[in-house]
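Numbering (this note's numbering), first residue to last: 9 to 82. Here's the structure, in structure tokens; my notes come after.
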């Protein structure tokens, strides 16, 4: 996950927490729900970034294994 993506996810989570807290304090259930939805979105962004990193690492490992088997390097 790039630093920029991590910052965006963290900002989205913070925005969601603030909005949910404001909705809770004011009794605005719709605002609270929107804030909670933003928090879920932030967690999904984090999960997608982690998955992307794992897939990239796996692809690199496969490439390395193929190079080892064939004796070729790029």
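Yeah, the Cβ is synthetic: ideal placement off N, Cα and C, and Gly gets one too.
Pull up the distance between the alpha-carbon of residue 18 and that of residue 25, whole angstroms please. Sequence index remark: in the chain shown, residue 18 carries index 10 (1-based). Sequence index remark: in the chain shown, residue 25 carries index 17 (1-based). Cα to Cα, the separation comes out at about 11 Å.
So is residue 35 buried or exposed if we call it buried at 16+ other beta carbons inside 10 Å? Working through the chain shown from its first residue, we reach residue 35 at position 27. Exposed, by the Cβ-count rule.
Nearest-angstrom beta carbon gap, residue 27 and residue 46 [assumed within contact, 8 Å]: Counting from 1 along the chain shown, the entry for residue 46 is found at position 38. Counting from 1 along the chain shown, the entry for residue 27 is found at position 19. Their Cβ separation, rounded to whole angstroms, is 6 Å, which keeps residue 46 and residue 27 in contact under 8 Å.
What do you reckon, are the CB atoms on residue 41 and residue 9 nearer than 9 Å? The count along the chain shown starts at 1 and reaches residue 41 at position 33. The count along the chain shown starts at 1 and reaches residue 9 at position 1. The answer is no: Cβ separation not under 9 Å.
Is it true that the CB of residue 49 sits closer than 9 Å to the CB of residue 80? Taking the chain shown and counting its residues from 1, one reaches residue 80 at position 72. Taking the chain shown and counting its residues from 1, one reaches residue 49 at position 41. It is not a contact, given that the beta carbons lie outside the stated cut-off.
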